[in-house]
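J.: Protein chains in written order, with our numbering: chain A, 143 to 675; chain B, 377 to 744; chain C, 108 to 432; chain D, 468 to 774.
Don't be surprised by glycine CBs; every beta carbon is placed ideally from N, CA and C.
Note that the coordinates shown come from a computational prediction; the quantities given were computed from them, not determined experimentally.
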Amino acid sequence: MTSDHQQSMAGGGEPPAIELKGISKSFGPVQANRNVTLRVMPGTIHGIVGENGAGKSTLMSILYGFYHADAGEILVDGTPVTIASSRAAIDLGIGMVHQHFMLVDTMSVLDNVMLGSEGGALLDKGERAARAELARLSRDYGLTVDPDALVGDLSVGQQQRVEILKALIRGCRILVLDEPTGVLTPQEADRLFEILDALRERGVTIILITHKLREILAATDSVSVMRLGEMVAHRKTPETSAEELAELMVGRKVLLRVDKPEPKIGETILQADNVTVTDAQDVDRVKAVSFTVHAGEIVGIAGVAGNGQSELLQALAGIQRLSGGSFSINGTRTVSAATPYNPHEARGLGIAHVPEDRHHMGLVTAFPAHENHILGHQDWDQYNNGLLLDREAAIADCAAEMERYDVRPPNPHLPAASFSGGNQQKLVLARELETEPKLLLVGQPTRGVDIGAIEFIHNTLVAMRDQGAAVLLVSVELEEIMSLSDRILVMSDGRIVGEMMAADADPQRIGLMMANISEDDAPQGSPEGDKAA
Amino acid sequence: MSQPIKLPKWVDVGVIPALNILAALAVSALVILALGENPIEALDVMLYGAFGYDEAIGYTLYYTTNFIFTGLAVAVAFHAGLFNIGGEGQAYIGGLGVGLVILALDGLLPWYALLPLAMIGAALFGGIWAAVPGWLQAYRGSHIVITTIMFNFIASALMVYLLVNVMIKPGQMSPESREFAESAWLPMAHQMFAVIGIDVSRSPLNLSFVLALIASVLVAIFIWRTRWGYAIRTVGRNETAAIYAGIDPKKTIFWTMALSGMLAGMVGINEIMGVQHKLLLNFTAGYGFTGIAVALMGRNHPIGIVLASLLFGTLYQGGAELDFEFEQITRDMVIVIQGFIILFSGALAYMFNPLVARLIGRLMPARG
Amino acid sequence: MADTYLLILLTLDATLRVATPLILAAMAGLFSERSGVIDIGLEGKMLAAAFAAAATAAVTGSAWAGLGMGISVSIGLALLHGFACITHRGDQVISGVAINVVAAGLTIVLGIAWFHQGGRTPTLDASARFTEHALPFADAARSIPVIGPLYAEVISGHNILVYLALAVVPLTWWVVYRTRFGLRLRAVGENPAAVDTAGISVTGLRYSALVIAGTLCGIAGTYLSTAHSAAFVRDMTAGKGYMALAAMIFGKWKPVPTLFACLLFGFLDAMAVRLQGVELPVIGIFPVQLLQALPYILTVVLLAGFIGKAIAPKASGTPYVKERT
Amino acid sequence: KPAVVFDMGGKFDKSFNEGVYEGAERFAKESGIKYLEFEVTNETQREQAIRRMARKGANPILGVGFAQGPAIEKIAKEYPDTSFAIIDSVVDVPNVQSIVFNEHEGSFLVGVLAAKASETGKLGFVGGMDIPLIRRFACGYVGGAQWANKDVEVLQNMTGSTPAAWNDPTKGAELARSQFDRGADVVFAAAGSTGLGVLQAAEDAGKKAIGVDSNQNYLHPGTMLTSMLKRVDIAAYNVFKSAKAGELKPGINVLGLGENGVGWALDEHNKDMITDEMKAAVAKAEAGIKSGEIKVHDYMADNTCPY
Ligand SMILES: Nc1ncnc2c1ncn2[C@@H]1O[C@H](COP(=O)(O)OP(=O)(O)OP(=O)(O)O)[C@@H](O)[C@H]1O
Ligand SMILES: Nc1ncnc2c1ncn2[C@@H]1O[C@H](COP(=O)(O)OP(=O)(O)OP(=O)(O)O)[C@@H](O)[C@H]1O
Ligand SMILES: [Mg+2]
Ligand SMILES: [Mg+2]
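1) Pick helix, strand or coil for A612(D), following the three-state DSSP scheme.
2) Could you tell me which residues DSSP puts in a beta bridge with T441(B)?
3) Helix, strand or coil for V721(A), going by three-state DSSP, please let me know.
4) Residues in its own chain within less than 6 Å of V651(B) by CB, not counting five upstream and five downstream?
5) Please state if the CB of V712(B) and the CB of N442(B) are separated by a distance shorter than 8 Å.
6) Given a cut-off of 8 Å, decide if V450(B) and A671(B) are closer than it, judged by their beta-carbon atoms.
7) For A247(C), count neighbouring Cβ atoms within 10 angstroms of its own Cβ and tell me buried if that reaches 16, exposed if not.
8) Taking 8 Å as the cut-off, decide whether the C-beta atoms of R342(A) and I349(A) are in contact.
9) Going by beta-carbon coordinates alone, are P364(C) and L137(C) separated by less than 8 Å?
10) Is S259(A) closer than 8 Å to R312(A) when the C-beta atoms are compared?
11) Please give me, in chain order, every unbroken run of the alpha helix (DSSP H) with length at least 4 that falls completely inside the segment 237 to 281 of chain A.
12) So which residues on chain B does I326(C) lean against when the C-beta distance must stay under 8 Å?
13) Taking the alpha-carbon positions, what's the G852(D) to I599(B) distance?
14) From the beta carbon of V506(A), is the nearest beta carbon of chain B less than 8 Å away?
15) Quick check on R601(B) - is its C-beta less than 8 Å from some C-beta in chain A?
16) Which residue comes first and which comes last in the beta strand (DSSP E) that contains V732(B)?
17) Would you please verify whether the beta carbon of F561(A) is less than 8 Å from any beta carbon of chain C?
18) Counting only Cβ-Cβ distances shorter than 8 Å, please list the residues of the segment 453 to 474 of chain A near chain B, keeping chain order.
19) Which residues in chain A have a C-beta closer than 7 Å to the C-beta of N729(B)? List them in chain order.
20) For the candidate residues I717(B), L655(B) and A617(B), whose alpha-carbon lies nearest to that of L517(A)?
21) Does the distance from the C-beta atom of G296(C) to that of E140(C) stay below 8 Å?
22) Counting only Cβ-Cβ distances shorter than 9 Å, please list the residues of the segment 238 to 250 of chain A near chain C, keeping chain order.
23) Would V639(A) be called buried (16 or more neighbouring beta carbons within 10 Å of its own) or exposed?
24) Evaluate W487(B) with the Cβ neighbour count: other Cβ atoms within 10 Å of its Cβ, from every protein chain shown; 16 or more gives buried, anything less gives exposed.
25) Is there at least one Cβ from chain C nearer than 8 Å to F208(A)'s Cβ?
26) Can you give me the Cβ contacts of T588(A) inside the same chain, cut-off strictly under 6 Å, excluding the 5 residues immediately before and after it?
27) Buried or exposed: P222(A), going by 16 or more other Cβ atoms within 10 Å of its Cβ?
28) Would you mind sorting S145(A) into buried or exposed? The rule is 16 or more other CB atoms within 10 Å of its CB.
29) DSSP state of M143(A), grouped into three classes?
30) Could you pull the start and end residues of the alpha helix (DSSP H) that N705(D) belongs to?
31) Quick one: complete beta strand (DSSP E) runs, 3+ long, within the segment 524 to 554 of chain D?
32) I'd like to know if the segment 389 to 398 of chain B and the segment 717 to 735 of chain B are in contact, where contact means that at least 3 CB-CB pairs between them fall below 8 Å.
33) Buried or exposed: R427(A), going by 16 or more other Cβ atoms within 10 Å of its Cβ?
34) Would you check if the distance between the CB atom of G467(A) and the CB atom of E487(A) is smaller than 8 Å?
35) Please check if any C-beta of chain D sits within less than 8 Å of the C-beta of F702(B).
36) Would you call the CB atoms of V287(A) and L310(A) closer than 8 Å?
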């Protein structure tokens, strides 16, 4: 990718394209932004990095008029403005590509692009203009999409292009992209950066949000770092390094190696042969994956989010069905498309599962902690008295585990919703580890969790391993994978593209593997949808 | 139905519902005022009509019985995140089940032997009438609100067909079945009291009231104290978590709806076996719809539902009294009040939350 | 042969009359649901409008005043629905049920209190009603074979609201697919956040859609009491709102298919009325209840995905929440 | 204190219930005795309303309409010391007087008039709920029409098979229109409130209509050919009056042409539409029925109609 950064940061007269002063914003008890200040110079690509939950999206949503700041000031081209709504932001020439796309799947690309800038009460004229404009943008920036395709039929990369087109067609001069590469294949990401370069050439100011340092270093002119709702540093990209940014992001030296003894590898617990998983849209998400996990070892799966790790984990847990291949547990139970199992049976075989998304899967946030404590174990004898549930047993168990895992506050009657993210994660861990599983499936164990809790969780996982459990760990945090795993598998586009012992692993090599070349830039046909009758 | 503002529990289950009902009653009072009558007087008449004499109490509790069953039916479905608007049709078809059992066996068996069979009939018929929409929701993704509405109409057409063409007592004009043998009637309250030497006036109140109370207790235990209730609540709150926990949401939806329909079908025990003693048209008289209001008001908890049913029993029976006593007010005023209760306790349930939160904030500034 | 043709035409003629309120209400539902607001309350709005229109026409002697009042009352209820489920994010289904129940009760209570006729309003004179108009040359055209009778019997001779209903369908199509408002409407029912980030008010759009729905329901109700008949009677809608809802689903939330669903349901209804108690050759007395239940059965079958798939606008039923405060 | 329980449709239905109301009012005016009343608005209310009247000590209690038969029967047994009367139904309980009318005879007469008034030779009949009672109206009507003119054809429709059929003017109007479209030019509505829609449709279409139960001629002067009178007003009046005198007899009280219980209405609203020829014909039929010369078939005797 191009990296000829012309230092266009004008020194004297030119005011910043965007200046934010003292922005604060709370959501109820959560302070998402605290006294944030930011200056973005015109015609540059400005990166913002920060961990999950640092407040990046919130800040940009305020700039875009989607949320309203509790305090602070916004200046565009040096003039103070109030951005009361997205409309106001659009009128000021600000465009945004949201982390979660804001597209209407059932409408055509053209309709989506026109939404909000229809050019009159009737569509005919606007449609013609928009078509012409799309053709022009496609020529100028290589942003090609079929205007008549249904958005729902497009690949993610193409959908993102539609989002960019939406912003451009509204004449934006300042383009905000919120984690644009999280869902992209490496090729798609490279294409994106080419497009951003082209935009910058034509004077568009770009704010690029990400937590991937590689992208920041490769694509931006300057960078700001957020942590826990605050802006902690501003750097010119050439003057900083990945190490410095990483430290600023997390507020400590990264890559803390977990102290762990040599693994005592036992027998094979999980043996996967050509496991294939197909989603509801008939797309293969996991493609003929084979590997083993033994007792007493932690096997980490590294990869960019969306490359099939989640589906693999869910298939192993019995939540998704296989469409091909098989895996066997303990060498006794073989699971395949013909002989499926469900989470209930999986638990019976000694499998525990810490799901990636605790809010949507691991917890029923409206239930009190003790009811969450029996989630998945609701049929167990120890929690049932004949026909009735034994509530007292559940409460006592839950209270004891809360003590052990240092869940705060240690009150089994509080609804799960009122615990903080880290404590919620501990509730899930406590429940799953308490069963002393033979095989532990763990997804994103420390997502959104504070540092104290991270260390605790890491140590707990290692302790499980040392007690002889087989642990399969999925995480998008490379550091986490590297510090915890005994053996590392790298997944890309649904396949395992590399395997190595942790001792032999270095981040560069894994990074390359994660960005593994895969054939296509997904040029999916756009089947003629039955549009407006 | 997310709850936007967090309030202390006593406010949430005590103050807010009370405010909602007060608002509904206040608006109803305005309507009565607009009709040129005195709402206070109307309330007085209504209370007298509902509780002033023993027959009135009997009627009030008789209505209450129906509402408990339909309210429980709606609530059980709510716990699984399902909105069952079909209580009316399920009660109707449940009554058909009761009627068929008794018409087949009434000369042969006494009521106490018939009762369990009639309950099975009610549960089977009502249950199936709800389970089909449940199945369609679970396995075919058909919106349960729409399908249950459709099933109400289908039930109504079916019952008309059966009563007019098949079950009508020959030589009779009203589309009604023959009357059941007296030995098949559920004991009436006044008969039961007479046995223990207490003389009360005749009213439609019968043994089913006791059954309704038992059903409330059983539902409470089932929902909060059994693994199946746990499964239902998990599916209702978070279907993904249910799958994760090894609970099959589809099966759960199917069986929850079946259970919901069974409860609604029990209206047939009260109405057909207890009161009408024959099958007739429209004996459900809107009880199924009222069940929605009852469940909303009772916050889907059996205790709340029994209380809300009592309130609606009072409204229904007291409403009849209104009709007798006032020139301008008819019984349909009860429907109006019911509508306002659904509006304020259901659709506008959280309208007062910000207000109350602010008030509490002012009164107890120390709150975290 | 000619007789049979005439009989078919006459049934079609009746179909049109019976289907008119269905068409109007179904288009109302279409606007509402396309904006992401489920509208169980079609029935209640229509009923209230029917009462308001008949009462007003009876008092003022003007059909147009009745129409105005019918529409106003219906819009009022639509705004109440909006207040509950847009402004206060209440449950849309519950709000709709509440509106139906309130309308069912209030029309009777007020009707009895004001007119003392058991909930009926006074019979309207011809001048206070929408009466039927023969289109030009209707009689002359009758002699032309085939299309002549079609024109004279089916097309000509309806009141203005029937023609209005027929005009509403292409108008709806045009608004939904060819105007800016329609584009936004379709978008807000699928993904309100997309509309919001495009700088358009979700609340404003949804309220507008509800007002349109209210207007159409108002016309539908007015038609029932001041055009199709000459007075309001209790529970006059008798489930037509729900049937319109079914027709809209049957038409997959699209104007033209919905029109045909309304005509089909209207036709079944017209047939059921005519067959009631009539002895037919071979079959004997036809079970008209089957015809009456058929629209609902067909809708269920459709919803079950056995004949095509009915997919509702994705955002319908869920209030739009921006901040998780 | 006498009491009356009106049925669905209400006391101002301009027809059946309103007739009873008029009779009761006449009694109240003449005797100065106020009476209790209740209008049933749903099927389950009948029993409660009647029982409530009985409990309040009302005597006699008059139930209006066949649908109240079962309820009257039940409560009459519960209150054996109270006198009851029921119109249009036979209840075999010692303290109940059952009042039934020979509707077929009255219908025969209006059938004669209709046949004479028709220019197309086609008549219409719109019934309410499809029950033998209404079929009896229809059968008598057809009999009269064919007596007057052999070639006359009668189109018949019923509105529905449930009590809702009494209260659906829109459907009534639709049915009348379909009959007009098929060539009928006189329609007889025996359908409670539903009939109001039939009469309205006749006016809208410029055809002729025949009302039922009460004298409905005034509703649409110029359209209303006549009304088939069923003197429920007299029946109600008599029930109250004889009860006051303590001579309300149980058993079946049949009111036919001979007892002036049924008839046809002639007043200032329709006198211009009734020609002398029509008058003569109907007078002849009336005499024939009274003398037994003309046997009007009663549908309810064997549930068939021979015409
Ligand atoms: N709409 C909202 N309501 C309540 N809390 C919110 C909302 N949006 C964000 N938050 C909270 O604000 C904090 C900052 O969130 P934000 O989305 O800005 O983080 P981020 O830096 O974009 O993280 P990520 O990298 O995961 O996207 C988090 O604690 C989050 O839970
Ligand atoms: N829905 C809620 N209702 C009540 N309190 C809440 C809710 N969500 C969060 N809180 C409270 O707000 C505080 C902050 O929550 P949040 O999830 O942002 O914590 P956090 O800073 O991310 O902590 P952690 O690092 O453990 O994830 C916690 O103390 C929690 O108890
Ligand atoms: Mg973000
Ligand atoms: Mg957190």
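T.: On the basis of the coordinates in this document:
1) Against the fourth sequence, residue 612(D) aligns to sequence position 145. Residue state, collapsed to three classes: helix.
2) As a first step, residue 441(B) must be located in the second sequence, where it is residue number 65. None; T441(B) has no bridge partner.
3) Lying outside 143 to 675, the shown extent of chain A, residue 721(A) is not represented and no answer is given.
4) Within the second sequence, the letter at position 275 stands for residue 651(B). Cβ within range, chain order: P580.
5) Counting from 1 along the second sequence, the entry for residue 442(B) is found at position 66. Counting from 1 along the second sequence, the entry for residue 712(B) is found at position 336. Contact flag unset, no.
6) On the second sequence, position 295 is the one that residue 671(B) refers to. On the second sequence, position 74 is the one that residue 450(B) refers to. Their beta carbons are under 8 Å apart, which means A671(B) touches V450(B) by this criterion.
7) The sequence position of residue 247(C) within the third sequence is 140, counting from 1. Exposed: under 16 other Cβ atoms inside 10 Å.
8) Along the first sequence, read from residue 1 onward, the residue named residue 342(A) stands at position 200. Along the first sequence, read from residue 1 onward, the residue named residue 349(A) stands at position 207. It is not a contact, given that the beta carbons lie outside the stated cut-off.
9) Locating residue 364(C) in the third sequence gives position 257, where the first residue counts as 1. Locating residue 137(C) in the third sequence gives position 30, where the first residue counts as 1. Taking 8 Å as the Cβ cut-off, P364(C) and L137(C) do not qualify as a contacting pair.
10) On the first sequence, position 170 is the one that residue 312(A) refers to. On the first sequence, position 117 is the one that residue 259(A) refers to. With respect to the 8 Å criterion, R312(A) and S259(A) are classified as neighbours on the basis of their beta carbons.
11) Listed in chain order, they are 251 to 256.
12) Taking the third sequence and counting its residues from 1, the one referred to as residue 326(C) is at position 219. Ordered by position in chain B, no residue passes the 8 Å Cβ test against I326(C), which lies about 23 Å from the chain.
13) One cannot answer for residue 852(D) here, as it falls past the ends of chain D, which runs 468 to 774.
14) Within the first sequence, the letter at position 364 stands for residue 506(A). Chain B contact via Cβ: present.
15) Here residue 601(B) refers to the residue found at position 225 of the second sequence. Cβ-Cβ to chain A under 8 Å: yes for R601(B).
16) In the second sequence, counting from the first residue as 1, residue 732(B) sits at position 356. Where V732(B) is concerned, there is no enclosing beta strand (DSSP E), although the alpha helix (DSSP H) it sits in stretches over N729 to L739.
17) As a position in the first sequence, residue 561(A) is number 419, starting the count at 1. So no, F561(A) is outside the interface.
18) Of all residues in the segment 453 to 474 of chain A, only A459, G460 and I461 place a beta-carbon less than 8 Å from a beta-carbon of chain B.
19) Position 353 of the second sequence, counted from the start, is the residue given in the question as residue 729(B). None at all; the shortest Cβ gap to chain A is about 14 Å.
20) Counting from one through the first sequence, the residue named residue 517(A) turns up at place 375. Selected option, being the one with the closest Cα: A617(B).
21) On the third sequence, position 189 is the one that residue 296(C) refers to. On the third sequence, position 33 is the one that residue 140(C) refers to. Yes.
22) M238, H240, H242, F243, M244, L245, V246, D247, T248 and M249
23) Mapped onto the first sequence, residue 639(A) falls at position 497. Per the 10 Å Cβ criterion, buried.
24) Here residue 487(B) refers to the residue found at position 111 of the second sequence. That one is buried.
25) Translated into the one-based positions of the first sequence, residue 208(A) becomes position 66. Output row for F208(A): interface = yes.
26) In the first sequence, residue 588(A) corresponds to position 446, counting from 1. These residues qualify, in order along the chain: I596 and I599.
27) Residue numbering aside, residue 222(A) sits at position 80 when the first sequence is read from its first letter. Around the Cβ of P222(A), a 10 Å sphere holds fewer than 16 other Cβ atoms; the residue is exposed.
28) Translated into the one-based positions of the first sequence, residue 145(A) becomes position 3. Interpretation of S145(A) is limited by its pLDDT of 35, a score under 50 that renders its predicted location unreliable; no figure is taken from the coordinates.
29) The count along the first sequence starts at 1 and reaches residue 143(A) at position 1. For M143(A), the predicted model reports a pLDDT of 36, less than 50, meaning its position is unreliable; a value from the coordinates is still stated below. Correct three-state label for M143(A): coil.
30) One-based indexing of the fourth sequence puts residue 705(D) at position 238. Per DSSP, the continuous alpha helix (DSSP H) segment holding N705(D) begins and ends at V699 to K711.
31) 528 to 531 and 551 to 554
32) Three or more Cβ pairs drawn from the segment 389 to 398 of chain B and the segment 717 to 735 of chain B lie within less than 8 Å of each other, which places the two stretches in contact.
33) Locating residue 427(A) in the first sequence gives position 285, where the first residue counts as 1. The residue in question, R427(A), is buried, as its Cβ has 16 or more Cβ neighbours within 10 Å.
34) Counted from its first residue, the first sequence places residue 467(A) at position 325. Counted from its first residue, the first sequence places residue 487(A) at position 345. Not in contact: G467(A) and E487(A) (Cβ atoms no closer than 8 Å).
35) Position 326 of the second sequence holds residue 702(B). It does not; no Cβ of chain D falls within 8 Å.
36) For the purposes of this step, residue 287(A) is taken as residue 145 along the first sequence, with counting starting at 1. For the purposes of this step, residue 310(A) is taken as residue 168 along the first sequence, with counting starting at 1. Their beta carbons are not under 8 Å apart, which means V287(A) does not touch L310(A) by this criterion.
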